[in-house]
Amino acid sequence: MTVAAPRIGIVGSGIAGLRAAQSVLTCEAGARITVFGDEAHRTYNRPGLTKKRYPPSADLRAAITEDLRVKGAETSALDWHLGTRVEAADLRNRVLHLSTGGTFDYDGLVVASGVRPRTAAGDDEECASHAHRTLRGLDDAHSIHQELHRREVVTIAGAGFVACELASLAKEYGCDVVMLEAMRHGPFENILGEDVARALGRWVTANGVTLLTGEAAKELLCDRSGRSSEGGHPASPPEAASERPLFIEAIGSVPNVEWLDGNGLDLSDGVRVDEYMRVPECEGVFAAGDIARYPDPWGTENLTRMEFWKNAIDTGNVAGKALAWSLGYGLKMSRISYFPSMATEVFGLRIQIAGNPRNADSMEIVSGDLERPDDGILVTYLRESAIVGAAYLDKGARFNRLYIELLKSLKTR
Ligand SMILES: Cc1cc2nc3c(=O)[nH]c(=O)nc-3n(C[C@H](O)[C@H](O)[C@H](O)COP(=O)(O)OP(=O)(O)OC[C@H]3O[C@@H](n4cnc5c(N)ncnc54)[C@H](O)[C@@H]3O)c2cc1C
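With full-length UniProt numbering applied, the sequence shown covers 1 to 413.
Next up, the structure:
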């Protein structure tokens with residue numbers, strides 16, 4: 001009698017899910033892996049959603065989809081169940097409940113369901129004053145690029161990297177852009193601190209954005225109840241969404257954990273895992289990507305959850321190896337050794353961030369002038385006098401020897 005190979009379920013068809021699957025396949029080419037994704041698309045390059053303007057003549061849907069292809073996603077070694085949401089999981093009995101009404105029994109599971117945009121009110125609330133949008137997926141991007149073509153004005157709530165990239169993109173499309181940052185003084189303040197945020201605020205303003213902060217921003221924020229904070233409902237009857245002012249919310253994200261409720265997991269901020277991406281409360285379950293909260297290999301904080309592409313790749317690989325090992329496929333597991341680094345570009349200014357500046361108690365401008373970020377600014381972030389992070393801002397992404405040396409010293413700590 002032959003014994004059927006174990007069944008592996010992966011929830012989330014993003015890069016973390018794909019990498020976990022590829023990692024298992026590297027250990028056992030014949031592994032039986034099913035990927036569930038509530039989007040209709042196979043894995044694509046999510047960071048690319050905000051990086052490029054498309055000409056009006058382009059078949060937007062086709063052009064964006066083509067540009068964002070990810071190598072390996074076309075594989076037929078995986079059983080893809082797209083447009084299928086996992087509604088609930090019974091981890092004790094190893095069963096997933098699907099939006100199709102069916103169930104899926106698994107032997108090993110990877111949780112890679114990522115995050116979704118945070119909104120001021122419930123996800124699906126409609127508003128009579130604005131056409132509200134958020135940007136997370138390919139379908140959101142298709143419609144936002146299309147809207148930016150035809151709109152003259154766009155309001156963006158938030159000043160994080162998605163908000164800033166969207167502001168840049170909207171200006172390229174020729175829109176007037178209003179950015180609202182009610183809580184802080186400018187872009188990236190929660191990561192790079194107030195001084196750099198103010199400098200970045202001046203930079204986006206110099207590039208034609210109307211950046212409103214504090215009370216001025218609060219007055220224009222909309223909670224989707226049909227009124228702005230100034231109060232009052234619109235006097236005239238609601239127009240069609242296509243006629244209402246465009247209001248994009250880019251105010252952070254929420255981990256997609258609800259389908260795991262009722263299993264006794266720590267879901268306080270994503271899914272808590274150990275350094276091998278194993279969910280401690282539950283044998284055979286692993287998590288990876290934006291949703292995984294793991295022991296910080298860098299030791300700057302206890303547990304860390306990162307929302308970066310490279311982090312999703314690295315944690316996906318680790319989770320896949322650990323899962324393969326648990327099924328007797330792999331020879332060894334590897335711990336997460338992720339070194340945080342990311343880059344973004346805002347109106348031509350490249351912003352590179354490494355380490356964990358959020359954990360600093362002071363900062364130092366090593367070179368450059370905050371009044372002229374385009375000439376290059378190198379900033380170090382320190383905790384108890386030790387460097388825990390660095391940032392380099394420059395127009396044209398020139399090579400910076402000091403930054404590279406800093407990175408090397410941070411990595412080898
Ligand atoms: C506009 C934008 C720009 C970005 N730019 C950068 C950048 O420049 N650099 C960078 O490092 N990072 C960037 N990021 C972040 C990066 O894209 C993410 O860190 C990465 O994609 C996370 O991958 P993931 O697989 O963990 O999650 P995701 O890519 O979010 O994949 C999770 C998938 O699971 C699906 N899902 C959720 N719940 C369920 C369920 N119950 N059942 C089935 N499927 C489910 C989701 O719909 C999604 O398709 C950007 C993100 C966005 C949105």
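Beta carbons: idealized from backbone N, C-alpha and C, even for Gly.
- DSSP places Ser409 in no beta strand (DSSP E) but in the uninterrupted alpha helix (DSSP H) bounded by Arg401 to Lys411.
- For the pair Val177 and Ala167, the CB atoms are nearer than the 8 angstroms cut-off.
- Spanning the alpha carbons of Gly83 and Asn263 requires a straight line of approximately 24 angstroms.
- The shortest CA-to-CA distance from Glu215 to any of Trp203, Ile191, Ala182 and Gly186 is the one to Ala182.
- Relative to ligand 1, even the nearest heavy atom lies 7 angstroms or more away from the CB of Pro187.
- Taking 7 angstroms as the cut-off, one finds no heavy atom of ligand 1 near enough to the beta carbon of Leu406.
- Between Leu180 and Leu221, the C-beta spacing is below 8 angstroms.
- Annotation for Pro280: Arg272, Val273 and Asp274 place their beta carbon closer than 8 angstroms to its own, counting only its chain and skipping 5 residues before and after.
- Between Asp361 and Leu382, the C-beta spacing is below 8 angstroms.
- In this structure, DSSP gives Cys222 an extended state, which the three-state scheme calls strand.
- Counting C-beta atoms within 10 angstroms of its own C-beta, Glu189 has 16 or more neighbours from the protein chains shown and is therefore classed as buried.
- Taking a 10 Å sphere around the C-beta of Asp59, we find fewer than 16 other C-beta atoms and assign the residue as exposed.
- Listed in chain order, the beta strand (DSSP E) elements of length 3 or more contained wholly in the region 19-65 are 32-37.
- With distances taken between CA atoms, Val196 lies nearest to Pro373 out of Pro373, Arg401 and Lys411.
- Taking 8 angstroms as the cut-off, the beta carbon of Asn93 is found no closer than this to the beta carbon of Leu68.
- In this structure, DSSP gives Arg136 a state outside helix and strand, which the three-state scheme calls coil.
- Residue environment for Pro255: buried (at least 16 other C-beta atoms within 10 angstroms of its C-beta).
- Judged by beta-carbon spacing, Leu78 lies beyond the 8 angstroms limit of Val86, meaning their Cβ atoms are not closer than that value.
- Taking a C-beta distance under 8 angstroms as the contact criterion, Gly14 and Ala112 qualify as a contact pair.
- Under DSSP, Ile387 takes part in a beta bridge, and its partners are Leu382.
- Counting C-beta atoms within 10 angstroms of its own C-beta, Glu74 has fewer than 16 neighbours from the protein chains shown and is therefore classed as exposed.
- Minimum Cα-Cα distance from Gly330 among the listed residues Gly320, Leu410 and Glu249 corresponds to Gly320.
- Ile336 carries a coil assignment under DSSP once its states are collapsed to helix, strand and coil.
- Ranked by Cα distance from Ser99, the first of Leu169, Asn302, Asp38 and Ala159 is Asp38.
- Exclusion of the five residues before and after Asn400 leaves Tyr392 as the residues of its chain whose Cβ lies within less than 6 angstroms of its Cβ.
- Taking a cut-off of 8 angstroms for Cβ pairs, the region 25-35 and the region 51-66 do not touch, as fewer than three such pairs fall below it.
- At least one heavy atom of ligand 1 falls within 7 angstroms of the beta-carbon of Lys310.
- Partner residues in the beta bridge of Met179, as assigned by DSSP, are Ile156 and Leu211.
- DSSP places Lys395 in the strand class (E or B) of the three-state scheme.
- Assigned with DSSP and collapsed to three states, Val273 falls in coil, not helix or strand.
- CA-to-CA, the gap between Glu243 and Ala131 works out to about 8 angstroms.
- Under the DSSP assignment, Asp90 falls outside any alpha helix (DSSP H), being part of the beta strand (DSSP E) whose first and last residues are Val86 to Asp90.
- Looking at the DSSP output, Ile15 bridges to nothing.
- Here the alpha carbons of Thr134 and Pro245 stand approximately 14 angstroms from one another.
- Beta-bridge partners of Pro373 (DSSP): none assigned.
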